[in-house]
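Accompanying notes for the structure given below.
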Amino acid sequence: MAPLFSGLSYFINPYRVLAKGLVLFIVINLAVAAVNPPYGRLSAYNILFPGRERFPYAGDAPEKVYSLTITNLDAMFSSHVISLPKSKDEYRVVLLGDSSIWGASLRPEETLAGQLNTANLVTCQNKRVHVFNLGYPRNSITKDMLILNRAMQVQPDLIIWMTTLGSLTPDRRLDHPIVFSNRSSVEELSREYNLNFDTSNIVIDGFSFWDRTIVGNRLPLVNWARLQLYGILWAATGIDQVYKTTTTVDSLPELTADVSFLDWQPPKFDPHLLSLDVLEAGMEAAGRTPVILVNEPILIITGQKNSNVRYDLSYPRWVYDQYRQVMDEESRKKNWQYIDLWDLVPSTEFWGDTDLHLTPAGEARFAERLIPYIQSTSCP
Amino acid sequence: MTLTYILIFAAVALLLGLVMRNSWRVYLLMGVSVLAVYILQPILPIRGLDFWLATATLALTILSWMITAPPGVQRERNNLIAFGVLLGIVVFIDLSRYLGIEKIITATLPPRIGTLLVFLAALVVVLLGVILVKRISPAFLLILCAGLLIGIFIVLKVPALAMVVSGAIRSMLGRPVGRDYAADFRWIGFSYIAFRLLHTIRDRQTGHLPAVSLAEYVTYVIFFPSLTAGPIDRVERFIQDLRRPFALGAEELMVAGQRLVVGLFKKFVLADSLALIALNGVNALQVRSAGWMWVILYAYAFQIYFDFSGYTDIAIGMGRLMGVKLPENFINPYLKPNLTQFWNTWHITLTQWFRAYFFNPVTRSLRSRKHRLPIPVIIFITQLGTMLLIGLWHGVTWSFILWGLWHGVGLFLQNRWSEFIRPRLVGLENRKWLNSSLTVLSTILTFQYVALGWVWFALPNLTSSVHVFLKLFGFA
């Protein structure tokens, strides 16, 4: 290869080139930090290749699933099929929730959103019901709230918000990677809805001036670039996670006699400990868009020695019963549309590799139960 | 080589370029290269083997020099000093286990000093035997050494043989047998080292090898910028650079810096990004449509080019910092209008090696036979044979064999086509538009042929390759 500067070298001083390069590097970094461009909104998805049917999440093996765990909300949404412009004959339903809604181990068409789309629902205004999977693994009501708030930009017609006790507990209030990565949004929501988030004790990324430079922000930038590249293999293969062969939960360990939950002891817990304020803020953020709040199904383990003490590996009976009661009362008081489907899928044959995830058949049963609510809400 | 190692070695190269004095330049380059052999040898499942493979590299290099050097040269003062320096470095590396700096130079803990001294003593005895025992003819020793190198090369490239050797080493060391893998025996840079050694042995046999000192020879064989990915320089060219007085000036720094930056960009930005989407054994069976299959095939074609040529740029850049102008290995190969030109610009030094030591001698031999074969047959045999060997150089598997045959047949067909079409194009030289169009078309076709050839190269088995071919053309 001929040197780029051959023939000119007599007046080119490499040390000056180095110094100029260094100055340019510093200036560009400072400029990027000052402007803080929303790079996450740039995306090749929905332009060069199809949008993803759920948010990118890869666990430990991005190279096997052509996806990666990304927590920048802009990048998550811009890679999702929901970022396509809404068509006139489209009725948009968004599903919020944790890994059970996102669809761990399931193919996109097997998830709750996939099953609802298979039903080919049409509203009485002859609009096509398109259900979007906006679930994201690990439950946290604040994470759901952040996604809901951002989802309002893509004009949903109906929001179905799946919750469970685990997403409302104080330990999950801020403990989620999406919360860590979107501190400015968290603080904005906190101000707007008077949420009392204590952000002093958690490390939240992407906030200091240094973190906004190209060098400081290099890992998120590289991840964003990799997400764009993985779009090619997503389009080519349709694979976005490891699809495990469905197994049932028959081999779950025995329920223990432990009645404690976090540091709560029977017979009662303080309802104010639940993040109901965040739930309420979400309802407010939804504005005039109807929201259906769903207490998602849990696996009720029966026939074991301690089945009278616990419902499953996560919840002792007393705490879960009281949680349901609190949700019921709160919904009636606040006039929320609330459906309690906690015991919809009790049989282990409908539960997948853990007691948290349904099999495709379990998701189908769940979808069947939600369809009348979607129909009634879309045709008031 | 990881980015960290590359940056460290580039910094070392720059430092050497700035401080080296011509009187001890070769010793400095040799010393750093010896350290690099140990540093770059990766951790292996058999504990301690990384140290022994690096030491074996040095032993083979010294042995090759002993038998290729003219008689008497071995006992010259400068060569004895170089030998002493080499032994000193190896002992120092081994002593690192006692100095608290173990695993910095070597991947695992070096052996006990007693074990090393026994090995070094045995090596000295063998080397002395080579000099002193007059009954073994030098010509026989050259053949023996070449055979040894080719033997090791075959063992490394045939997974089944590598496993047998691994099992033997395991049982010798009292390690659990049955968990042996071909990867147990990963010898960093051996493919390139062996070809440099074979080149000197063959040139010694034909009387073309110049006289080189031990330090120059070792530096040539294991020169650290080109240790892991070439290029395969020629010793007579390399030593000219070593012997030429050198001072790192602005122009050299400019050229070297440019090559390093371009190389790093090619390797760590372009190639590593393309690697995420390039054709491999897993995605080959997952892609759903022909269009996307072409996309990931092209991604592989450019990934392998940017990866390999990026490493070459880095090696050339580092070399320039130290006054060594390593040869070019890639000159826009995907922009060539026929396969012959592609192979004149792709992995140039490897192709030249095979041309010098296989293609040309075999062609000469076939042409000088009493019953001369027809020219097309000679071309077919030599081109197919050369490409088959280049395929086997990458690994003794059916995939590499078919990749070699793919190119051998392609080169032959292109040769015949050129012979057929050349007289028919006479008189059309002045029609620029037509010529340009033909060149563009030929370039696209050549690239397509090369890209399709990567299907054999990239995939681990023939079933996957056949599946990909069927998919590419809409039959699967």
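Quick mapping for you: the protein sequence lines, in order, are chains A and B. For the first sequence, position 243 matches number 243 in the numbering used here, and the numbering has no gaps at all. For the second sequence, position 50 matches number 50 in the numbering used here, and the numbering has no gaps at all. Glycine is no exception: its CB is placed at the ideal position from the N, C-alpha and C atoms. Note that the coordinates shown come from a computational prediction; the quantities given were computed from them, not determined experimentally.
Original post:
Would you say alanine 367 of chain A reaches chain B, if we count a Cβ-Cβ gap shorter than 7 Å as a contact?
Top reply: Alanine 367 of chain A does not count as touching chain B.
Subject >> Complete runs of the alpha helix (DSSP H) confined to the region 408-452 of chain B [at least 4 residues] >> reply: Fully enclosed alpha helix (DSSP H) runs of 4 or longer: not present.
Original post:
Closer than 8 Å, Cβ to any Cβ of chain B: which residues of the region 210-242 of chain A, in chain order?
Top reply: Listed by position along the chain: Ala225, Arg226, Leu229, Tyr230, Ile232, Leu233, Ala235, Ala236, Thr237, Gly238 and Ile239.
Original post:
In chain B, which residues lie less than 7 Å from isoleucine 12 of chain A when you measure between Cβ atoms?
Top reply: The contacting residues are Met254.
Original post:
alanine 11 of chain B to isoleucine 304 of chain B, Cα distance in whole Å?
Top reply: Here the alpha carbon of alanine 11 of chain B sits roughly 26 Å from the alpha carbon of isoleucine 304 of chain B.
Subject >> Three-pair Cβ contact test at 8 Å for the region 250-267 of chain A versus the region 304-314 of chain A >> reply: By the Cβ rule, the region 250-267 of chain A counts as touching the region 304-314 of chain A, because three or more pairs are nearer than 8 Å.
Original post:
For the alpha helix (DSSP H) that phenylalanine 381 of chain A lies in, which residues bound it at each end?
Top reply: Residue numbering for chain A in the displayed model covers 1 to 380; residue 381 of chain A lies beyond these limits and cannot be assessed.
**OP:** Could you say which of B/Asp94, B/Gln448, B/Pro327 and B/Ile296 lies nearest to leucine 276 of chain B if we only look at CA atoms?
**Re:** Ranking B/Asp94, B/Gln448, B/Pro327 and B/Ile296 by Cα distance to leucine 276 of chain B puts B/Ile296 first.
Original post:
Which chain D residues sit within Cβ distance under 7 Å of arginine 288 of chain B?
Top reply: Looking for chain D here will not work: the only protein chains present are A and B.
Original post:
Going by other Cβ atoms of all chains shown within 10 Å of its Cβ, with 16 needed for buried, is aspartate 60 of chain A buried or exposed?
Top reply: Around the beta-carbon of aspartate 60 of chain A, fewer than 16 other beta-carbon atoms lie within 10 Å, marking it exposed.
**OP:** Over the uninterrupted alpha helix (DSSP H) stretch that includes tryptophan 342 of chain A, give me the two end residues.
**Re:** Neither: tryptophan 342 of chain A is in no alpha helix (DSSP H) and is coded neither H nor E.
**OP:** Put tryptophan 52 of chain B into one of helix, strand or coil per three-state DSSP.
**Re:** In this structure, tryptophan 52 of chain B counts as helix in the three-state DSSP scheme.
Subject >> Whole alpha helix (DSSP H) elements within the region 211-266 of chain A, 4-residue minimum >> reply: Considered as a whole, the region 211-266 of chain A harbours 218-237 as its complete alpha helix (DSSP H) runs of no fewer than 4 residues, in chain order.
Original post:
In its own chain, which residues sit with a C-beta less than 7 Å from the C-beta of methionine 1 of chain A, not counting the 5 before and 5 after it?
Top reply: With a pLDDT of 49 at methionine 1 of chain A, under the threshold of 50, the modelled position of that residue is not reliable, and no figure is offered here.
Original post:
Any beta-carbon of chain B closer than 7 Å to the one on glycine 7 of chain A?
Top reply: For glycine 7 of chain A, the pLDDT reaches just 49, beneath the cut-off of 50, and the residue's location in the model is therefore unreliable, leaving the point undetermined.
**OP:** Check the Cβ-Cβ distances between isoleucine 277 of chain B and every residue of chain A, and say whether any is below 7 Å.
**Re:** By this cut-off, isoleucine 277 of chain B is an interface position.
Subject >> Contact with chain A by alanine 250 of chain B, beta-carbon distance below 7 Å >> reply: Answer yes: the Cβ-Cβ gap between alanine 250 of chain B and chain A drops below 7 Å somewhere.
**OP:** Output yes or no for whether 7 Å exceeds the beta carbon distance between isoleucine 154 of chain B and tryptophan 353 of chain B.
**Re:** No, they are not a contact pair.
Original post:
So which residues on chain A does valine 295 of chain B lean against when the C-beta distance must stay under 8 Å?
Top reply: For valine 295 of chain B, the chain A residues whose C-beta falls within less than 8 Å of its own C-beta are Ile232 and Ala236, listed in chain order.
Original post:
Does the distance from the C-beta atom of aspartate 98 of chain A to that of asparagine 139 of chain A stay below 7 Å?
Top reply: Yes, they are a contact pair.
Original post:
Of the residues B/Arg288, B/Thr345 and B/Ser171, which one's Cα is nearest the Cα of phenylalanine 330 of chain B?
Top reply: Of the candidates B/Arg288, B/Thr345 and B/Ser171, the one whose C-alpha sits nearest the C-alpha of phenylalanine 330 of chain B is B/Thr345.
**OP:** My understanding is that serine 181 of chain A touches threonine 71 of chain A, with C-beta atoms under 8 Å, so please give their C-beta distance in whole angstroms.
**Re:** Contact annotation, serine 181 of chain A with threonine 71 of chain A: C-beta distance approximately 4 Å; criterion of less than 8 Å satisfied.
Original post:
Nearest CA to the CA of methionine 76 of chain A: which residue from A/Thr348, A/Tyr57 and A/Pro85?
Top reply: Of the candidates A/Thr348, A/Tyr57 and A/Pro85, the one whose C-alpha sits nearest the C-alpha of methionine 76 of chain A is A/Tyr57.
**OP:** For alanine 122 of chain B, count neighbouring C-beta atoms within 10 Å of its own C-beta (all shown protein chains included) and say buried if the count is 16 or more, exposed if not.
**Re:** Burial call: exposed.
Original post:
Quick one: Cα of alanine 113 of chain A to Cα of serine 260 of chain A, how far?
Top reply: Per the coordinates, the alpha-carbon of alanine 113 of chain A lies some 34 Å from the alpha-carbon of serine 260 of chain A.
Original post:
Hey, which unbroken runs of the beta strand (DSSP E) at 3 residues or more fall wholly within the region 302-368 of chain A?
Top reply: Within the region 302-368 of chain A, the complete beta strand (DSSP E) runs of at least 3 residues are 337-340.
Original post:
So is serine 465 of chain B in contact with chain A if we call contact Cβ pairs under 7 Å?
Top reply: Not one beta carbon of chain A lies nearer than 7 Å to the beta carbon of serine 465 of chain B.
Original post:
Excluding sequence positions up to five away, which residues of its chain have a Cβ less than 7 Å from the Cβ of aspartate 307 of chain B?
Top reply: A distance below 7 Å between beta-carbons, with the five flanking residues on each side excluded, links aspartate 307 of chain B to the following residues of its chain, in chain order: Lys267 and Ala271.
**OP:** Mind reading off the beta-carbon distance from leucine 299 of chain A to aspartate 355 of chain A? Whole number of angstroms is fine, and I expect it under 8 Å.
**Re:** Confirmed, about 4 Å.
Subject >> 7 Å Cβ cutoff, serine 273 of chain B in contact with chain A >> reply: Yes, its Cβ sits closer than 7 Å to a Cβ of chain A.
**OP:** Note down the Cα distance separating isoleucine 239 of chain A from threonine 69 of chain A, rounded to an integer number of angstroms.
**Re:** A straight-line Cα-Cα distance of about 15 Å links isoleucine 239 of chain A and threonine 69 of chain A.
Original post:
Looking at the structure shown, is valine 294 of chain A part of a helix, part of a strand, or coil, going by DSSP?
Top reply: Three-state result, valine 294 of chain A: strand.
Original post:
Roughly how many whole angstroms lie between the Cα atoms of serine 399 of chain B and leucine 279 of chain A?
Top reply: Each residue's Cα considered, the two are about 59 Å apart.
Original post:
What are the residues that DSSP puts in a beta bridge with threonine 163 of chain A?
Top reply: Threonine 163 of chain A is bridged to A/Asn295.
Subject >> Beta-carbon neighbours of asparagine 430 of chain B, restricted to chain A and to distances below 8 Å >> reply: Close to asparagine 430 of chain B, with beta-carbon spacing below 8 Å, lies no residue of chain A; the smallest spacing is near 29 Å.
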